[in-house]
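Peer 1: Protein chains in written order, with our numbering: chain G, 1 to 131; chain B, 1001 to 1131.
Encoded as structure tokens, here's the structure I'll be asking about.
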DNA sequence: TATAAACCTTCCAGTCACTGGAAGCAAAAG
DNA sequence: CTTTTGCTTCCAGTGACTGGAAGGTTTATA
């Protein structure tokens, strides 16, 4: 299977697939003409990559997922642990973004937003030390 | 004021301040010995940068904020609009992370997480086209 | 059969917002 | 006077791609 077909099969851009090969996440065969040749197994790996990236796993986490998926003797506990770790990270991001949201909302409420130059948002941004 | 002092005053790393100068966000004076010399006004700009970055504004948005803060004839409406745009982006991020959280949670619930190799998470990741 | 188009290859550079490190002056402290 | 700290520039790397140039291959069409 050519790279273009693998791309449509997985939803990944061609460039991204080449990049994944470059960093050793997949190793497709090569034809006589130099074209990459993707096996079904390879496409499955790409599908895992696409889906896991979509779920917010880093490429290093994806690498671990791939090696777990290749390991017939794996314990599903290990996969679960990886997913839990990821879930925790997602929750932390949500928490800090929610704090941000609240602060922005407060700032916006304080700014009357008219033609005049005095602005509570700018006042706040310049006021205190950032942290 | 030396760069180190400016750093402690604003909470920004020295490296980051140099970077901000490099991309033209601030333009501190120079002493005879080549050291940067930060004025109070410059430190205020750095404070705005630190705080706005902390609130998730991109450096390009920060650039607009800085030019608004320098413009005596600004309308607070414009600052407010920028902040609202940012708030919208934050909300979108929260929404997509929440969807992620739900999907991860579902996946994790389905995996029994023991010594056996069969794993609902891996099954799901390899199963369908990513999107 | 000629040619155009679509597809493949590699390599280089850019993105964003820094961050780390090396090599070399300048200033302050002991 | 020496050590330490602080400052300077420059180069390279991060993560995860993305765009583009220059060129070879295959396929479709006139």
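All C-beta atoms, glycine included, are put in the ideal place defined by N, C-alpha and C.
Would you mind sorting residue 1017 of chain B into buried or exposed? The rule is 16 or more other CB atoms within 10 Å of its CB.
Peer 2: For this step, residue 1017 of chain B is matched to residue 17 along the second chain. Buried, because 16 or more other Cβ atoms sit within 10 Å of the Cβ of residue 1017 of chain B.
Peer 1: I need the DSSP call for residue 1118 of chain B, collapsed to helix, strand or coil.
Peer 2: Taking the second chain and counting its residues from 1, one reaches residue 1118 of chain B at position 118. Reduced to three states, the DSSP call for residue 1118 of chain B is coil.
Peer 1: Quick one, which of B:1092, B:1001, B:1071, B:1078 has its alpha-carbon nearest residue 1034 of chain B's?
Peer 2: Reading the second chain from its first residue, position 34 is the one you call residue 1034 of chain B. Nearest of B:1092, B:1001, B:1071, B:1078 to residue 1034 of chain B, Cα basis: B:1001.
Peer 1: Take every Cβ of the segment 47–54 of chain G, pair it with every Cβ of the segment 1082–1097 of chain B, and state whether three or more of those distances are shorter than 8 Å.
Peer 2: No, the segment 47–54 of chain G is not in contact with the segment 1082–1097 of chain B.
Peer 1: Using the beta-carbon of each residue, which ones in chain B are nearer than 7 Å to residue 119 of chain G?
Peer 2: The residue you call residue 119 of chain G lines up with position 119 of the first chain. Per Cβ cutoff of 7 Å: 1076, 1079.
Peer 1: Does DSSP put residue 1031 of chain B in a helix, in a strand, or in coil?
Peer 2: Counted from its first residue, the second chain places residue 1031 of chain B at position 31. Note: residue 1031 of chain B maps to coil in three-state DSSP.
Peer 1: Just to confirm the assignment, what range does the alpha helix (DSSP H) spanning residue 96 of chain G have?
Peer 2: The sequence position of residue 96 of chain G within the first chain is 96, counting from 1. Where residue 96 of chain G is concerned, the enclosing alpha helix (DSSP H) stretches over 76–110.
Peer 1: What do you reckon, are the CB atoms on residue 1077 of chain B and residue 113 of chain G nearer than 7 Å?
Peer 2: Position 77 of the second chain, counted from the start, is the residue given in the question as residue 1077 of chain B. Position 113 of the first chain, counted from the start, is the residue given in the question as residue 113 of chain G. It is a contact, given that the beta carbons lie within the stated cut-off.
Peer 1: Quick one: Cα of residue 1098 of chain B to Cα of residue 28 of chain G, how far?
Peer 2: In the second chain, counting from the first residue as 1, residue 1098 of chain B sits at position 98. In the first chain, counting from the first residue as 1, residue 28 of chain G sits at position 28. One C-alpha to the other measures close to 35 Å.
Peer 1: Answer with buried or exposed for residue 1125 of chain B, where buried requires no fewer than 16 other C-beta atoms within 10 angstroms of its C-beta.
Peer 2: Residue mapping note: residue 1125 of chain B aligns to position 125 of the second chain, counting from 1. By the neighbour-count rule (16 or more Cβ atoms within 10 Å), residue 1125 of chain B is buried.
Peer 1: Taking the alpha-carbon of residue 1075 of chain B as reference, which of G:24, G:117, G:22, G:93 has the nearest alpha-carbon?
Peer 2: In the second chain, residue 1075 of chain B corresponds to position 75, counting from 1. Checked all of G:24, G:117, G:22, G:93; the closest Cα to residue 1075 of chain B is G:117.
Peer 1: So, using beta-carbon positions, are residue 1055 of chain B and residue 100 of chain G closer together than 7 Å?
Peer 2: Walking along the second chain from the start, residue 1055 of chain B turns up at place 55. Walking along the first chain from the start, residue 100 of chain G turns up at place 100. Yes. Within cutoff.
Peer 1: Listed from N- to C-terminal order along the chain, which residues in the segment 28–52 of chain G have their beta-carbon within a distance smaller than 7 Å of any beta-carbon of chain B?
Peer 2: Listed by position along the chain: 44, 47, 48, 50, 51, 52.
Peer 1: By a C-beta neighbour count over all protein chains shown, 10 Å radius and 16 as the cutoff for buried, is residue 1030 of chain B buried or exposed?
Peer 2: As a first step, residue 1030 of chain B is located in the second chain; it is residue number 30 there, counting from the start. Exposed, by the Cβ-count rule.
Peer 1: Which of helix, strand or coil does DSSP assign to residue 1124 of chain B?
Peer 2: Position 124 of the second chain, counted from the first residue, corresponds to residue 1124 of chain B. DSSP places residue 1124 of chain B in helix when its eight states are reduced to three.
Peer 1: Starting from residue 59 of chain G, trace the alpha helix (DSSP H) both ways and give me its first and last residue.
Peer 2: As a position in the first chain, residue 59 of chain G is number 59, starting the count at 1. It spans 59–70 - the alpha helix (DSSP H) in which residue 59 of chain G sits, taken as one unbroken run.
Peer 1: Any beta carbon of chain B sitting closer than 7 Å to that of residue 122 of chain G?
Peer 2: Residue 122 of chain G sits at position 122 when you count from the first residue of the first chain. Output row for residue 122 of chain G: interface = yes.
Peer 1: According to DSSP, residue 1140 of chain B sits in a beta bridge with which residue or residues?
Peer 2: Residue 1140 of chain B is absent from the model: chain B starts at 1001 and stops at 1131.
Peer 1: CB-CB under 8 Å to residue 67 of chain G, same chain, minus the five flanking residues each way: which ones, in chain order?
Peer 2: One-based indexing of the first chain puts residue 67 of chain G at position 67. So the list is empty, once near-sequence residues are dropped.
Peer 1: In angstroms, rounded to a whole number, what distance separates the CA positions of residue 1003 of chain B and residue 1044 of chain B?
Peer 2: As a working mapping, residue 1003 of chain B is identified with position 3 in the second chain. As a working mapping, residue 1044 of chain B is identified with position 44 in the second chain. So the two alpha carbons sit approximately 14 Å from each other.
Peer 1: Under the three-state reduction of DSSP, which class applies to residue 3 of chain G: helix, strand or coil?
Peer 2: In the first chain, residue 3 of chain G corresponds to position 3, counting from 1. Three-state result, residue 3 of chain G: helix.
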